[in-house]
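First the structure, in the form of structure tokens, and then the observations on it.
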Amino acid sequence: MTEKRSDYQKKIKNQKSNVIFDSVKSAFNNDEDVVDVNPDFMRSTQFNSKRVNNSHQKREQRQSNNAQEYLKKEDKALKLKNKLNLAIFIVLVLIVLVLLALFHL
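As structure tokens, then:
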């Protein structure tokens with residue numbers, strides 16, 4: 474008996490959901506020593522400390538860059554807000570002028 478299309482789709486959906494949960498589990502897994510590709514190779518502690526320091530420096534640089542980008546975005550948002558307020562004010566003034574012209578002429 475052949476597999477129905479609905480059964481096949483259910484199977485594929487379950488496989489996809491399992492893959493998502495597996496990726497989430499692996500993201501929170503901090504065991505680096507679980508898989509030894511070459512058991513004779515061992516990293517030195519000096520290399521690890523340099524690697525940790527470099528990662529901290531990179532993280533701090535990214536955070537400072539993100540803060541600068543956030544400030545730039547805030548400045549741009551404020552400029553756009555001011556332009557929008559000015560445009561609204563101009564439109565209101567023009568509407569008042571048009572109404573005055575219509576009722577006084």
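Count along the sequence shown from 1, then add 473; that gives the number in my numbering. All C-beta atoms, glycine included, are put in the ideal place defined by N, C-alpha and C.
DSSP three-state call for Glu542: helix, strand or coil? helix
Distance between Lys554 and Tyr543 (C-alpha atoms, nearest Å): 16 angstroms
Keeping to the same chain, check which residues put their C-beta closer than 6 angstroms to that of His577; ignore five residues upstream and five downstream. none
Check Lys477 in the structure and name its three-state DSSP category. coil
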